[in-house]
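Residues in the sequence shown are numbered consecutively from -13, following this note's numbering. The beta-carbon is built from N, C-alpha and C at its ideal position, and this holds for glycine as well.
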Amino acid sequence: MNLYQLDFSPTGGTKKAADALCAGFGLPVSRIDLCNSQTNFSSLSFSRQDLCVFGVPSFGGRVPAPAAQRMAAMRGNGALAVLLVAYGNRAFDDTLIEMKDLAQKAGFRCVAAVAAIAQHSIARCYAAGRPDASDAKELEDFGKNILAHIKDDSLPEDLAVPGNRPYRAFGGVGMIPMPDASCTYCGTCAALCPTRAISISDPAQVDAARCISCMRCVSVCPEHARHADAAKVAATETKLAKLCADHKINELFL
Ligand SMILES: Cc1cc2nc3c(=O)[nH]c(=O)nc-3n(C[C@H](O)[C@H](O)[C@H](O)COP(=O)(O)O)c2cc1C
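Quick look at the structure:
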């Protein structure tokens, strides 16, 4: 069996969770970065000998639009799929059911799903430091458990995951990070933006229609020169205070 990890992880939390889950399979992993806007995802074709672990963050309870488009472009050809959503301690709403629909439509057989907690990439005070060492151990155990089910051939006919159709509407959060005076025009943010929303020649020029407020530009800037509007972040933290207050747990759906 060939193991692939395909993650869309703008600020690294989803990748951390997917790394831990994949460690449980005890197999060499080939990673495909779903944030890479240079990749031709329609050239990706898998087979029944492949196991693909898809990881996406929940944005407004949904699959981020570019990740959905990239998943839809591939061909599963009967490969097994494990679906992982990382979310910032509020809720993942319809993300897993949307992932399942996307994966099935692309020809994958969904065998298991995981919801993992990861630091909120906008309101960073929530789920700070997660996934932590104890989450990583739990996710690795989920991976072992999933592999045992695959080996036993005890796979679900139709994987049951939480969520509703039609999916929750999400129109974005409208937070476009901007560079401050310490920006050196190095171009890192523009090169790594998953939607090519940032101008290479002038990083203060952002195509608002393309920006998904994923905060990747903030997290990759070597000068820490890029920021979301502090007042909007503070308002988001206040709005989420009650919803994010409790310590949520990682979940496995088999
Ligand atoms: C635009 C946006 C929307 C988000 N919406 C949700 C949400 O609905 N529920 C939630 O719990 N976390 C939400 N989050 C937090 C992310 O799901 C979480 O931080 C995730 O781990 C980010 O993944 P990454 O570290 O791989 O970028 C949102 C983050 C962003 C940037």
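Going by beta carbons, Phe40 and Ala67 fall inside the 8 Å limit. For ligand 1, a non-hydrogen atom lies closer than 7 Å to the CB of Ser44. Between Ala122 and the set Leu(-8), Gly(-1), Leu(-11), the nearest pair of CA atoms involves Gly(-1). Contact annotation, Ala113 with Ala92: C-beta distance approximately 30 Å; criterion of less than 8 Å not satisfied. Fewer than three beta-carbon pairs drawn from the stretch 89 to 105 and the stretch 164 to 175 are found closer than 8 Å, and the two stretches are therefore not classed as touching.
Secondary structure of Val100 (DSSP, three-state): strand.
Inclusion of Leu(-8) and Leu20 in the CB contact set at 8 Å is warranted, their separation being smaller than that value. The closest CA to that of Gly10, considering only Phe128, Ala54, Asn150, is found on Phe128. Collapsing the DSSP output to three states places Glu143 in coil.
Within the same chain, no Cβ atom closer than 7 Å to the Cβ of Asp232 is found once the five residues on either side in sequence are excluded. Within 10 angstroms of the beta-carbon of Ser199 lie 16 or more other beta-carbons, which makes it buried. One thing to note: Ala104 has its Cβ no nearer than 8 Å to the Cβ of Leu125. The residue among Ala146, Ala53, Pro50 with its C-alpha nearest the C-alpha of Leu240 is Ala146. Annotation: Gly64 is outside any beta strand (DSSP E) and is labelled neither H nor E by DSSP.
Scanning the stretch 128 to 193 for uninterrupted alpha helix (DSSP H) segments of 4 residues or longer gives 174 to 178, listed from N- to C-terminal end.
Secondary structure within the stretch -5 to 80: the beta strand (DSSP E) runs of 3 or more consecutive residues, fully enclosed, are 15 to 19, 36 to 43, 66 to 73 (chain order).
Comparing alpha carbon positions, the residue from Met60, Ile83, Gln191 closest to Gly47 is Ile83.
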